[in-house]
């Protein structure tokens, strides 16, 4: 958890905190999407995370993707802006979050996949191989990718 979120939690307790997240739909040359099996929940999702104070969207995206996958990404394109009720989360400890998500599509990257402590597994999957336990908060953009929805998407 970054310092900003910890500071805010001390001030507001479990009340709803507004966060901005950036994530990457990383697609390889075979048309497969990179998914991360999380250690904190038995769900699969895309690499990404919460913006830190002073960061740009792209800085957040590049930092989070590198931290979670060891990949350096190039030329990310805006995929979609996601808001609404699906962005509301309450964690087991009672903390509530409303997250606005800026999602990018990435087709150019380099590096060897290496998971960190947030990942059980990293795997490229075809759209017909997606596991049933997709992160419900990320399902809208993952399934928009599967369906080939025109981008950028604003929801």
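In this note's numbering, the protein residues as written are 109 to 263.
C-beta atoms are modelled at their ideal positions from N, C-alpha and C, and glycine is treated no differently.
Note that the structure is predicted; figures quoted are calculated from it, not measured.
Check the Cβ-Cβ distances between residue i and every residue of chain D, and say whether any is below 8 angstroms.
| i | result |
| --- | --- |
| residue 247 | Here chain D cannot be found, since the structure has a single protein chain. |
Grouping DSSP H, G and I as helix and E and B as strand, with all else coil, what is residue i?
| i | result |
| --- | --- |
| residue 222 | coil |
| residue 151 | coil |
| residue 142 | strand |
| residue 125 | strand |
| residue 185 | strand |
| residue 257 | coil |
| residue 134 | strand |
| residue 262 | strand |
Suppose contacts are defined by Cβ-Cβ distances below 8 angstroms. Is residue i in contact with residue j by that definition?
| i | j | result |
| --- | --- | --- |
| residue 133 | residue 253 | yes |
| residue 269 | residue 221 | Past the edges of the chain, shown from 109 to 263, lies residue 269, and the structure says nothing about it. |
| residue 211 | residue 153 | no |
| residue 207 | residue 129 | yes |
| residue 112 | residue 181 | no |
| residue 143 | residue 177 | no |
| residue 157 | residue 172 | yes |
| residue 151 | residue 236 | no |
| residue 122 | residue 195 | no |
Does the Cβ of residue i have 16 or more other Cβ atoms within 10 Å, making it buried, or fewer, making it exposed?
| i | result |
| --- | --- |
| residue 167 | exposed |
| residue 288 | Only positions 109 to 263 of the chain appear in this structure, which leaves residue 288 out of reach. |
| residue 256 | exposed |
| residue 198 | exposed |
| residue 250 | buried |
From residue i to residue j, what does the alpha carbon distance come to, in whole angstroms?
| i | j | result |
| --- | --- | --- |
| residue 259 | residue 179 | 24 angstroms |
| residue 218 | residue 137 | 12 angstroms |
| residue 115 | residue 125 | 11 angstroms |
| residue 187 | residue 209 | 11 angstroms |
| residue 204 | residue 117 | 10 angstroms |
Quick one: which unbroken beta strand (DSSP E) runs of 3-plus residues sit fully inside the region 192-244? Chain order, please.
-> 196-198, 204-214, 216-218, 227-233
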